[in-house]
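Working notes, beginning with the structure itself.
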Amino acid sequence: MKSVYVFGPIHLFGESYLDFYKRVGQLCEKHFDKVVGTYPDFWETGETPREFYERTYEVITKLDLFIGEVSSPSWGVGMEFQMAQEKDIPCIALCKEGNEPSSMIIGAPCVKKIIYYKNIEDALRKIEEAVQEYVK
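For our numbering, count along the sequence shown from 1 and bump the result up by 8.
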């Protein structure tokens with residue numbers, strides 16, 4: 009069973025990115041048996057912060073691939089990339105053209121590919137191509 013985690017900051021550049029993540033998740037559903045996404049139903053649970061952290065760690069560190077949006081610094085996203093690094097989970101980083109991801113993200117050994125994209129359609133096309141080696 010192949011699985012993927014799609015995540016990133018919920019708000020980027022003054023707009024909600026939930027639709028972006030949902031579209032990436034829908035694309036991933038064509039290739040992966042299990043897709044976990046950074047949607048409100050994942051994180052709006054009424055848990056304490058500690059319970060949320062522990063559940064998140066337990067769920068995502070068992071997945072096969074991480075796809076994370078890194079156009080803007082985010083504490084949570086950085087922590088999720090570090091979780092992938094600790095568990096030797098490969099990552100694909102997404103970055104909107106004109107932005108530069110953190111050196112810590114670029115330099116993380118778990119990051120196997122950085123996809124620079126113009127818009128959602130460009131991102132989806134490039135992600136479709138990039139995930140092929142993880143679903144064989």
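Virtual Cβ for every residue (Gly too), placed ideally from N, Cα, C.
Please report the distance separating the alpha-carbon of residue i from that of residue j.
| i | j | result |
| --- | --- | --- |
| Q93 | V67 | 15 Å |
| C99 | M112 | 13 Å |
| I128 | D41 | 23 Å |
| F60 | H19 | 20 Å |
| E62 | F89 | 16 Å |
| R58 | G115 | 28 Å |
| T64 | W83 | 15 Å |
| L35 | E137 | 11 Å |
Pick from the options: whose alpha carbon is nearest that of residue i?
| i | options | result |
| --- | --- | --- |
| S79 | A101, F89, L132, Y65 | A101 |
| P117 | K70, G16, K95 | K95 |
| E108 | P81, I97, K121 | P81 |
Would a C-beta distance cut-off of 7 Å place residue i and residue j closer than the cut-off?
| i | j | result |
| --- | --- | --- |
| K134 | E105 | no |
| G33 | V43 | yes |
| G16 | V119 | no |
| D72 | S110 | no |
| V14 | I75 | yes |
| M91 | T69 | yes |
Looking only at its own chain, which residues have a Cβ that is under 8 Å from the Cβ of residue i, when we skip the five neighbours before and after it?
| i | result |
| --- | --- |
| A131 | F28, V32, L102, I123, Y125 |
In chain order, what residues of the same chain lie with their CB nearer than 7 Å to the CB of residue i, ignoring the 5 residues before and after it?
| i | result |
| --- | --- |
| Y25 | G16, P17, I18, H19, E77 |
Within a Cβ cutoff of 6 Å, which residues of the same chain sit near residue i, ignoring the five residues on either side of it in sequence?
| i | result |
| --- | --- |
| K30 | none |
| V139 | H39 |
Runs of beta strand (DSSP E) wholly within the stretch 27-96 (minimum 3 residues, chain order): 42-45, 73-77
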